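This report refers to the structure that appears directly beneath it.
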Ligand code: TEU
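Residue numbers (UniProt numbering): 15 to 600.
Here is the structure:
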């Protein structure tokens with residue numbers, strides 16, 4: 015197999031199965047649809063595709079609630095089709111990364127059905143059961159992601175089971191040796207099929223504090239997380255997992271979802287000699303702008319300086335000791351182009367499509383030129399905006415719907431709730447892919463499971479394929495640059511200090527080559543001082559790729575530098591709204 019390059023050097027793509035492409039008209043994406051689009055992915059140039067969960071599931075959480083690990087969910091297709099997809103992707107030199115959901119299963123999984131049936135069932139300790147507290151209530155005050163108690167009473171045996179996520183997603187008990195061995199066998203089943211890697215869902219939550227203590231009342235959402243994230247046995251468990259599964263299939267990629275970690279913890283998870291995981295997802299950028307106390311609120315103190323700080327911290331503390339993948343959009347958060355820079359900086363207002371596309375390109379330049387392996391979320395490469403849903407009927411995510419109902423009952427106005435759902439619901443990023451400007455955006459011949467974004471007419475793959483100034487072509491060029499130069503994957507980072515927080519300038523240098531990247535993340539033209547040394551290097555440099563609002567004369571003209579007076583520090587860097595530029599400098 016020619017697929018042998020280091021994972022870190024490539025570009026990863028996240029495919030969200032329900033919304034990628036439907037091939038049989040039932041309105042739900044499927045493997046048949048993925049097969050139709052392998053060429054699209056190959057032309058984009060990505061080296062691996064992470065496919066969200068496709069195993070059998072009652073679909074309470076779009077497949078993150080697995081009922082049978084050994085079966086493809088009917089609505090997605092068959093095992094034969096999955097195998098065909100694997101072959102077809104490999105032919106185009108693309109690797110397949112599965113989503114491995116092993117912190118919990120569905121409550122309809124056979125293990126859980128056995129486990130709940132009686133206290134002495136052999137599967138009882140596959141899950142976490144506790145007797146009620148003295149007052150008959152839950153064993154402790156932890157809350158789940160859905161904001162209610164993380165414990166559910168099961169009448170049959172009078173005990174509570176733990177569910178960090180929905181009550182339909184009971185947590186597996188990783189302290190059970192038999193449970194772990196069953197999971198390992200299942201993982202080897204997929205490795206034997208030739209799957210190239212796994213994204214490990216919520217993996218830093220598998221080791222729970224043995225005492226299950228109460229958390230302080232005012233703890234961050236979800237309450238209790240300090241007692242199950244990065245828990246006491248986590249490293250021991252990950253090493254055993256690696257040894258029993260991935261370690262036996264060299265070259266397998268493991269990409270861990272580990273929200274809320276310290277930099278030291280990331281290094282422990284990913285230092286190659288520790289044999290735990292290959293990479294951790296950098297989840298700070300995508301969560302930015304969000305209030306940690308209340309996920310439905312926006313953080314009023316957010317500023318672009320926080321972005322710079324996070325990027326630099328991960329680079330300085332992790333880059334040379336461990337590994338991480340960077341993403342700016344994913345299925346759990348509204349799209350970056352709509353929230354972080356978009357709504358705040360004016361996109362979505364009267365400026366419309368050209369502004370949206372310029373912001374999307376600036377985001378793309380940022381993602382592909384930072385240290386860390388880029389992970390593109392489906393539709394991001396088209397500049398797809400957040401879905402413009404206007405009523406509760408448009409939403410499908412259970413957590414979103416229950417938060418709406420709770421807040422309405424608490425007396426909040428419907429208008430305010432809908433505004434915050436638009437800004438914060440993860441459904442904003444889950445509207446189906448825009449393949450064409452035609453009916454249902456070419457996603458399905460039937461009725462889509464969640465409404466199509468009305469903006470599909472202006473923003474779709476068909477139109478963008480042949481438009482050299484499209485977001486899609488910008489992404490293709492960024493990916494090509496990565497294939498041609500060692501700088502983005504291996505270069506070190508020097509973030510220049512500028513007086514304007516909306517302007518970013520950073521230098522990436524590998525042994526053979528050096529780049530400077532300039533980005534204006536605001537919708538205004540901006541100027542700020544730049545050191546004469548960098549100004550000269552930019553002037554003499556070669557423009558590798560540029561983007562900005564004024565697409566006609568651009569990118570040939572590049573950015574502008576002006577000397578106002580003869581003093582050294584009077585050199586001004588001028589950037590147009592959302593302008594980005596990558597220069598190769600000497
Ligand atoms: O998410 C795990 C996670 O940690 C959450 O913080 C996630 O960001 C949150 O649900 C956002 O609302 C993973 C999956 O990515 C998510 O889709 C699943 O719902 C969850 O695990 C449970 O499997």
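The C-beta atom is built at its ideal place from N, Cα and C for all residues, glycine as well. A quick note: this is a predicted structure, and the numbers were derived from the prediction, not measured.
Inter-residue spacing [alpha-carbon to alpha-carbon] between residue i and residue j
i, j, result
"residue 359", "residue 343", "In this prediction, residue 359 scores a pLDDT of 41, lower than 50, which makes its location untrustworthy; the coordinate-derived value is nonetheless stated afterwards. For residue 359 and residue 343, the distance between alpha carbons rounds to 17 Å."
"residue 239", "residue 157", "9 Å"
"residue 141", "residue 185", "6 Å"
"residue 148", "residue 414", "33 Å"
"residue 491", "residue 559", "8 Å"
"residue 31", "residue 457", "12 Å"
"residue 194", "residue 218", "15 Å"
"residue 261", "residue 198", "12 Å"
"residue 255", "residue 290", "8 Å"
"residue 52", "residue 534", "34 Å"
"residue 453", "residue 466", "9 Å"
"residue 21", "residue 332", "17 Å"
"residue 80", "residue 72", "8 Å"
"residue 93", "residue 61", "23 Å"
"residue 471", "residue 451", "4 Å"
"residue 155", "residue 187", "19 Å"
"residue 523", "residue 224", "46 Å"
"residue 263", "residue 205", "7 Å"
"residue 417", "residue 577", "54 Å"
Within 8 Å, strictly: CB atoms of residue i and residue j
i, j, result
"residue 347", "residue 443", "yes"
"residue 675", "residue 241", "Only positions 15 to 600 of the chain appear in the structure, and residue 675 is not among them; the question remains open."
"residue 295", "residue 323", "no"
"residue 292", "residue 268", "yes"
"residue 486", "residue 396", "yes"
"residue 350", "residue 34", "no"
"residue 114", "residue 201", "yes"
"residue 70", "residue 85", "yes"
"residue 519", "residue 23", "no"
"residue 318", "residue 516", "yes"
"residue 595", "residue 532", "yes"
"residue 49", "residue 102", "yes"
"residue 439", "residue 464", "no"
"residue 4", "residue 527", "The shown model of the chain, from 15 to 600, leaves out residue 4, and the question about it has no answer."
"residue 280", "residue 25", "no"
"residue 145", "residue 173", "yes"
"residue 130", "residue 189", "no"
"residue 557", "residue 329", "no"
"residue 548", "residue 512", "no"
"residue 118", "residue 183", "yes"
Backbone secondary structure at residue i - three-state DSSP
i, result
"residue 286", "helix"
"residue 463", "coil"
"residue 638", "Only positions 15 to 600 of the chain appear in this structure, which leaves residue 638 out of reach."
"residue 128", "helix"
"residue 532", "strand"
"residue 457", "coil"
"residue 335", "coil"
"residue 595", "strand"
"residue 166", "strand"
"residue 218", "helix"
"residue 393", "coil"
"residue 518", "strand"
"residue 247", "coil"
"residue 556", "strand"
"residue 415", "helix"
"residue 20", "coil"
"residue 367", "helix"
"residue 379", "helix"
"residue 137", "coil"
Rounded Cβ spacing between residue i and residue j (contact assumed at less than 8 Å)
i, j, result
"residue 555", "residue 592", "Incorrect: roughly 21 Å between the Cβ atoms, too far for contact."
"residue 434", "residue 310", "5 Å"
"residue 210", "residue 109", "4 Å"
"residue 553", "residue 575", "6 Å"
"residue 78", "residue 215", "6 Å"
"residue 459", "residue 39", "4 Å"
"residue 63", "residue 55", "6 Å"
Evaluate the contact criterion for the region 404-412 versus the region 364-378: three or more CB pairs, one atom per stretch, below 8 Å. no
Report yes or no: do three or more beta-carbon pairs, one from the region 533-549 and one from the region 399-406, lie closer than 8 Å? With a cut-off of 8 Å, the region 399-406 and the region 533-549 do not count as touching, because too few Cβ pairs lie within range.
Is it the case that the region 493-510 contacts the region 468-485, given that we only count it when at least three CB pairs across the two stretches are under 8 Å? no
Okay, do the region 383-398 and the region 326-339 touch, 3+ Cβ pairs below 8 Å being the bar? The region 383-398 is in contact with the region 326-339.
Report yes or no: do the region 296-315 and the region 228-237 share at least 3 C-beta pairs separated by less than 8 Å? The region 296-315 vs the region 228-237: in contact.
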